[in-house]
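Report on one structure; see the data block that follows.
Numbering (the numbering used here), first residue to last: 84 to 204.
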């Protein structure tokens, strides 16, 4: 058992190098999509697609998803983590939409509205 573990740790980490390079490529592709002439909705769908692919890639390449007793992907843990991630994202979007959130105006209201204490009147 100890000989197997030392043999696994003595080789060059090609899996990590390939994962790192693919992550950089996906990030650069997402950056390139921003500067294309596609519609905003298309850009968002493509970037979200790249993000999901990159998350899966990182889970498989870096987060030891296949290192269980049976050697299979840990389906239960993965599904639970995906559920938590979706719940957090959906909850955040729901709160922002429900409260008419405007990130550029800390006083609330529409971004172009002028308030009497700031307008000098």
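All C-beta atoms in this analysis are idealised placements derived from N, C-alpha and C, irrespective of residue type, glycine included.
Predicted, not measured: the structure shown is a model, and the values here were computed from it.
Task: Cβ-Cβ separation, residue 148 to residue 140 (assumed contact under 8 Å), whole Å - done: Not a contact, Cβ separation roughly 11 Å.
TODO: Return the chain-ordered list of same chain residues with a C-beta closer than 7 Å to the C-beta of residue 105, the five sequence neighbours on each side being excluded.
DONE: 140
Open item on the list: Three Cβ pairs or more, each shorter than 8 Å: is that satisfied between the region 128–137 and the region 102–120?
Closed with: By the Cβ criterion, the region 128–137 is in contact with the region 102–120, since at least three pairs of Cβ atoms, one from each stretch, lie closer than 8 Å.
- [ ] Could you check the C-alpha separation between residue 176 and residue 170 for me, to the nearest Å?
- [x] 10 Å
Open item on the list: Between the alpha carbons of residue 129 and residue 116, how many angstroms are there, rounded?
Closed with: 8 Å
TODO: Using beta-carbon positions only, say whether residue 145 and residue 99 come within less than 8 Å of one another.
DONE: yes
Task: Residue range of the unbroken alpha helix (DSSP H) whose run includes residue 157 - done: Residue 157 -> no alpha helix (DSSP H), and no H or E assigned at all.
Open item on the list: Assuming contact is defined by CB atoms lying nearer than 8 Å, are residue 164 and residue 133 in contact in what I supplied?
Closed with: no
TODO: Would you give the residue range spanned by the alpha helix (DSSP H) that residue 99 belongs to?
DONE: 97–117
Open item on the list: Using only the alpha-carbon positions, how far apart do residue 59 and residue 120 sit?
Closed with: Not covered by the structure: residue 59. The range shown for the chain is 84 to 204.
Task: residue 96 versus residue 152: straight-line alpha-carbon distance, rounded - done: The straight-line gap from Cα to Cα measures roughly 21 Å.
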